[in-house]
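Visitor: Take a look at this one; I'll ask things after.
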Amino acid sequence: MQYICLIYNAEDNGPQPGTDEFGPYMQAYVDYTQEVQDAGVMVGGNALNPVATATTVSVRDGKTEVVDGPFAETKEQLGGYYILDCKDLDEALKYAAKIPDAKYGWVEVRPIMVFD
Amino acid sequence: MLPPVEVQTLVTRLIREDWGRILSSLVSSIGDYALAEDSLQDAVISALEVWPKQGAPRHPDAWMISVAKRKALDRLRRNATATRKEAELTLWLEQHQTDPENTPMLITDHRLELIFTCCHPALEEKSRVALTLRALGGLTTAEIARAFLDKTDAMAARLTRAKKKLRDAGIPFKLPEPEDLHDRTDAVLRVIYLIFNEGYQASDGQLTRGDLVAEAIRLGRILTGLLPDHAEVHGLLALMLLGESRRLARQGQGGAFIPLELQNRARWDRAKIAEGLALVETTLSMGRAGPYALQAAISAVHAQAPDFAATDWAQIVALYDVLYTRQPNPVLRINQAVALSYADSPEAGLTLLNSVEAEGKFARYQPFHACRADLLARLGRDRDAAESYRAAIALSDAPAQAAFLESRLHALNAP
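Order-wise, the sequence lines are chains A and B. The letter at position 44 of the first sequence is residue 44 when you use the numbering used here, and the numbering goes up by one with no holes. So the number in the numbering used here is just where the residue sits in the second sequence, counting from 1, plus 116.
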């Protein structure tokens with residue numbers, strides 16, 4: 001089964017660029033990505049630019065509306081994701097718990113819907 | 117041929133005693149929990165129709181499994197929009213049909229996998245409780261709803277959501293990995309203890325609520341059979357048996373609540389106490405005592421005391437200290453304050469109680485005020501005691517508890 005691990009954190013929470021912790025934090029992501037690749041569970045994943053770069057689009061009655069900012073103005077924002085192919089939820093939760101930001105924020109694990 | 121009444125009894129007994137074992141075996145072979153449960157329910161309906169006409173089969177449990185597999189196949193075939201997984205299952209079931217009349221089969225017991233699935237931390241806690249009662253206890257949705265004073269529709273919706281999550285989120289039907297076994301077993305014990313407390317603390321005297329206590333004890337017994345090396349499993353069963361041994365004594369006329377102090381100890385259930393005490397010994401001999409074992413040990417001290425005054429309060433105070441190191445929960449200090457008030461003095465108890473008031477955020481916690489009221493009354497500070505009794509009464513959920521506290525309040529010499 002494929003699961004998406006959505007990484008949520010407040011942007012000012014956790015190691016910040018320019019601090020001593022930031023290097024090891026980025027290295028932890030490199031190591032983690034290597035680990036899921038080696039385990040053969042990595043399907044994909046990306047880090048996202050900060051929420052200040054977000055634009056939200058909606059279409060109502062054929063009219064497109066474009067708004068600056070994220071869909072929901074919450075303190076914690078989606079910062080990145082992994083898509084992992086795991087045998088069950090237990091395995092997905094194990095890998096989710098190893099994502100470096102799980103220590104500072106939250107990782108939401110959602111099964112990806114299968115159409116067949 | 118069996119008369120209908122006897123068939124009904126046979127089926128009821130089979131569901132009571134064997135539902136979990138049959139269901140777990142089915143889930144393990146067909147994989148899909150919801151389909152297994154629905155198909156087993158279909159098989160039960162068939163049994164009620166067929167057995168009075170043809171007589172009960174020689175192996176009723178094997179019959180249920182054979183018929184449930186056929187019903188599962190029927191259900192899959194009726195479903196026009198089968199997924200690839202369902203198509204594979206249909207094929208498998210076509211090849212694995214057995215004759216219900218004539219197949220003595222070895223039914224492998226997968227109840228442990230089933231209980232770990234039902235108590236999976238990815239499910240909401242109340243859903244874990246409901247699912248465990250449904251899957252392992254064989255209770256109907258209506259019975260579970262009644263026990264939790266919920267509407268049947270709401271409980272049915274909750275169970276449907278939980279079963280959908282089991283399937284769609286890929287919650288596995290398997291034993292936890294060794295490194296998770298400890299935490300996952302704790303989650304199972306917590307569910308069983310929640311079931312017990314839901315029944316135990318209901319002082320409305322409803323029979324269905326009492327059934328929850330019996331159900332929790334039954335699940336506890338099943339678990340001691342399945343996980344005999346896990347000390348806390350025995351500890352929890354001991355704790356429940358010792359609590360339940362006082363059930364008759366803690367209820368007065370009209371369901372009035374009788375505290376330990378005033379209970380007629382001749383009404384304690386000696387058989388349950390003997391079993392509970394033996395289990396406490398077992399669990400304490402298995403190494404470092406966990407929270408359930410320690411709570412059971414405290415309950416055992418009460419069970420062994422011939423009367424309230426003769427209770428070994430010092431021992432109880434000491435056990436609470438050990439328990440606090442395992443579970444640093446300020447609520448424990450309330451119970452310890454009671455024990456200390458008898459082991460030492462009401463002043464000592466009150467000092468301990470006041471020292472945790474802020475930490476425990478006890479302003480709206482009924483047992484805190486009830487305990488303080490009692491200690492103040494024993495110190496002769498009737499005016500302060502009355503104030504605490506009023507606070508406790510206002511916070512009481514159970515009418516029997518409130519009525520008891522009212523009677524204490526009226527006995528005070530205070531305006």
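Beta carbons are placed, not taken as given, at the ideal position from N, Cα and C, and that holds for glycine. Note that the structure is a prediction, hence the values are computed from the model and not measured.
1) Look up phenylalanine 312 of chain B in the DSSP assignment and give the residues it is bridged to.
2) Suppose you measure from the CA of cysteine 86 of chain A to the CA of lysine 63 of chain A; what does that come to, to the nearest Å?
3) Hey, quick one: how far does the beta strand (DSSP E) through leucine 265 of chain B stretch, first residue to last?
4) Show which residues of chain A have a CB atom less than 9 angstroms away from the CB atom of proline 288 of chain B.
5) Select from the segment 273-284 of chain B all residues with a C-beta closer than 7 angstroms to any C-beta belonging to chain A, and list them in chain order.
6) Which stretch, first to last residue, makes up the beta strand (DSSP E) that contains arginine 381 of chain B?
7) Would you mind telling me which residues of chain A sit closer than 8 angstroms to alanine 238 of chain B, beta carbon to beta carbon, in chain order?
8) Taking only three categories from DSSP, how would you classify arginine 174 of chain B?
9) When the distance is taken between beta carbons, is tyrosine 104 of chain A closer than 8 angstroms to asparagine 9 of chain A?
10) I'd like the list of long-range same chain contacts for leucine 511 of chain B, defined as Cβ closer than 8 angstroms, with 5 residues on each side in sequence excluded.
11) Tell me the DSSP secondary structure of arginine 283 of chain B in three-state form.
12) Please classify proline 119 of chain B as buried or exposed, where buried requires at least 16 neighbouring CB atoms within 10 angstroms.
13) Between the alpha carbons of tyrosine 440 of chain B and alanine 416 of chain B, how many angstroms are there, rounded?
14) Could you check where the alpha helix (DSSP H) with aspartate 148 of chain B kicks off and where it finishes?
15) Mapping the DSSP letters down to three states, classify leucine 466 of chain B as helix, strand or coil.
16) Taking 6 angstroms as the limit between beta carbons, can you name the residues of its chain near alanine 102 of chain A, skipping five residues before and five after?
17) If I measure Cβ to Cβ from isoleucine 131 of chain B and keep anything under 6 angstroms in the same chain, skipping five residues before and after, which residues do I get?
18) Would you say glycine 321 of chain B lies against chain A (beta-carbon separation less than 8 angstroms)?
19) Using 10 angstroms around the beta-carbon of proline 444 of chain B, count the other beta-carbons present and answer buried if the total reaches 16, otherwise exposed.
20) Can you name, in chain order, every residue of its own chain whose Cβ lies under 6 angstroms from the Cβ of tyrosine 29 of chain A, other than the five neighbours on each side?
21) If we ignore side chains and look at the alpha-carbon of each, how far apart do glutamine 517 of chain B and histidine 526 of chain B end up?
22) Along the chain, where does the alpha helix (DSSP H) that runs through threonine 224 of chain B open and close?
23) Specify the secondary structure class of serine 248 of chain B as computed by DSSP and reduced to three states.
24) Taking the CB atoms as reference points, tell me whether leucine 491 of chain B and leucine 521 of chain B lie closer together than 8 angstroms.
25) List the whole-angstrom C-beta distance separating alanine 409 of chain B from threonine 399 of chain B, where the pair is believed to meet the contact cut-off of C-beta under 8 angstroms.
26) Could you check what DSSP says for cysteine 86 of chain A in three-state terms: helix, strand or coil?
27) Compute the distance between the beta-carbons of arginine 404 of chain B and tryptophan 384 of chain B, then report whether it is under 8 angstroms.
28) Would you mind sorting threonine 53 of chain A into buried or exposed? The rule is 16 or more other CB atoms within 10 Å of its CB.
29) Assign alanine 390 of chain B to one of two classes, buried (16 or more other C-beta atoms within 10 Å of its C-beta) or exposed (fewer than that).
30) What is the residue span of the beta strand (DSSP E) that alanine 46 of chain A lies within?
31) Where are the alpha helix (DSSP H) runs, 4 residues long or more, that stay fully inside the segment 377-453 of chain B, in chain order?
32) Assess contact between the segment 243-263 of chain B and the segment 366-379 of chain B, defined as three or more Cβ pairs (one per stretch) separated by less than 8 angstroms. Is contact present?
33) Pick out whichever of B/Leu139, B/Val121 and B/Ile311 has its Cα sitting closest to the Cα of threonine 224 of chain B.
34) Taking CB distances under 8 angstroms as the criterion, tell me whether methionine 1 of chain A reaches chain B.
35) So which residues of chain B does proline 15 of chain A contact, with C-beta pairs closer than 8 angstroms?
36) So, helix, strand or coil for serine 58 of chain A, using DSSP?
Guide: In this structure, then:
1) Per DSSP, none; premise fails for phenylalanine 312 of chain B.
2) 41 angstroms
3) Leucine 265 of chain B -> no beta strand (DSSP E), and no H or E assigned at all.
4) Chain A residues near proline 288 of chain B: Lys87, Asp88, Leu89, Asp90 and Glu91.
5) Along the segment 273-284 of chain B, the positions whose C-beta sits under 7 angstroms from a C-beta of chain A are Asp284, read in chain order.
6) Arginine 381 of chain B -> no beta strand (DSSP E), and no H or E assigned at all.
7) Residues of chain A passing the Cβ test: Leu89 and Leu93.
8) coil
9) Yes, Cβ-Cβ distance for asparagine 9 of chain A and tyrosine 104 of chain A is below 8 angstroms.
10) Arg480, Tyr481, Gln482 and His485
11) Arginine 283 of chain B sits in a helix when the DSSP states are folded into three classes.
12) exposed
13) Approximately 18 angstroms, taken between the alpha carbons.
14) No alpha helix (DSSP H) holds aspartate 148 of chain B; DSSP gives it neither H nor E.
15) helix
16) Nothing meets the Cβ criterion.
17) Gly254
18) The pLDDT assigned to glycine 321 of chain B is 46, lower than 50, so where the model puts this residue is not dependable, and the model offers no usable value.
19) Exposed: under 16 other Cβ atoms inside 10 Å.
20) Pro100
21) 14 angstroms
22) No alpha helix (DSSP H) contains threonine 224 of chain B, which DSSP labels as neither H nor E.
23) According to the sequence as given, residue 248 of chain B is threonine; it is not serine. Threonine 248 of chain B: helix per DSSP, three-state reduction.
24) no
25) Confirmed, about 4 angstroms.
26) coil
27) no
28) exposed
29) Counting Cβ neighbours within 10 Å, alanine 390 of chain B comes out exposed, since fewer than 16 surround it.
30) Per the sequence presented here, residue 46 of chain A reads as asparagine, with alanine not at that position. Start and end: 42-47.
31) 386-401, 407-420 and 429-442
32) no
33) B/Leu139
34) Methionine 1 of chain A counts as touching chain B.
35) None at all; the shortest Cβ gap to chain B is about 28 angstroms.
36) strand
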